[in-house]
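>
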Amino acid sequence: DVKVTQSSRYLVKRTGEKVFLECVQDMDHENMFWYRQDPGLGLRLIYFSYDVKMKEKGDIPEGYSVSREKKERFSLILESASTNQTSMYLCASSSSGTSVRNEQFFGPGTRLTVL
Amino acid sequence: LAKTTQPISMDSYEGQEVNITCSHNNIATNDYITWYQQFPSQGPRFIIQGYKTKVTNEVASLFIPADRKSSTLSLPRVSLSDTAVYYCLVAVNAGGTSYGKLTFGQGTILTVHP
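What follows is the structure, given as structure tokens:
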């Protein structure tokens, strides 16, 4: 069974802290994604990686960075967390290519609260 | 600005057919339309995709008009377990290429009542 796992389901951090969200997939997928999910706004793409050490900015990259040192792992980094980054964060992976046809497999999400 | 829009919420009763429409007026020419379903405390999961006309699987049907500027997800005879958020995913034109930028709609919260 295909699987995308995220390191934490719930996380509480303080303003100004550096936050790491980890995502691991076991499907040998080339593409990995980080999304932010907020009520009424749907899924917004933060960053996308199509290969190891490769990344592209999504719609809302400000305040975030990413790291992909190994094919199976994609990390989202909040350099200095702020309260407006309180949200649900979802990781996904898919096979290579930028087509909608490539099914995205999602992790269960990390609900981050920044106090 | 191209947008992918869906109704924010819908209500239905068990046994009814539910139709959720997504408007995507700047869809990329050569790409498909996909719908995802998300239950509480889970990530979204793929349910159906199509390019034109009608596609049906064991879960849903997808209707796509000839101009492809919208698509309608149809859930036949819904049950309480169909209560979820439904997202459309399309590629919107970006930079004049045939394949565009992947964009999710805002999601439609479907609530099925007994």
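Top to bottom, those sequences are chains A and B. For the first sequence, this note's numbering gives the first residue as 1, with consecutive numbering after it. For the second sequence, this note's numbering gives the first residue as 116, with consecutive numbering after it. We put the beta carbon where it would ideally sit given N, CA and C, even for glycine.
Can you give me, in chain order, the residues of the stretch 165-183 of chain B that have a beta carbon less than 7 Å from any beta carbon in chain A?
If the cut-off is 7 Å between Cβ atoms, the stretch 165-183 of chain B has nothing near chain A.
> Count the other CB atoms within 10 Å of the CB of K53(A); is the residue buried (16 or more) or exposed (fewer)?
Exposed: under 16 other Cβ atoms inside 10 Å.
> Whose Cβ in chain A lies nearer than 7 Å to the Cβ of R192(B)?
What R192(B) touches in chain A: nothing, since even the nearest Cβ is about 25 Å away.
> Taking 7 Å as the threshold (beta carbon to beta carbon), is A206(B) in contact with chain A?
Output row for A206(B): interface = yes.
> Got a sec, what are the start and stop residues for the beta strand (DSSP E) K118(B) sits in?
Careful: K118(B) lies outside any beta strand (DSSP E) and carries neither H nor E.
> Quick check: what's the CA-CA separation for L123(B) versus L225(B)?
Per the sequence presented here, residue 123(B) reads as Ile, with Leu not at that position. Spanning the two alpha carbons is a distance of roughly 9 Å.
> Give every residue of the same chain whose Cβ lies closer than 6 Å to the Cβ of S49(A), excluding the five residues on either side of it in the sequence, and list them in chain order.
Hits under 6 Å: M32, K55, R68 and F74.
> Tell me the DSSP secondary structure of Q221(B) in three-state form.
The answer is coil: DSSP assigns Q221(B) none of H, G, I, E or B.
> At the level of alpha carbons, what is the spacing between L78(A) and C91(A)?
Approximately 15 Å between the Cα atoms of the pair.
> Are at least three pairs of beta-carbons, each pair with one atom in the stretch 138-147 of chain B and one in the stretch 187-202 of chain B, less than 8 Å apart?
Counting Cβ pairs under 8 Å, fewer than three are found: no touch.
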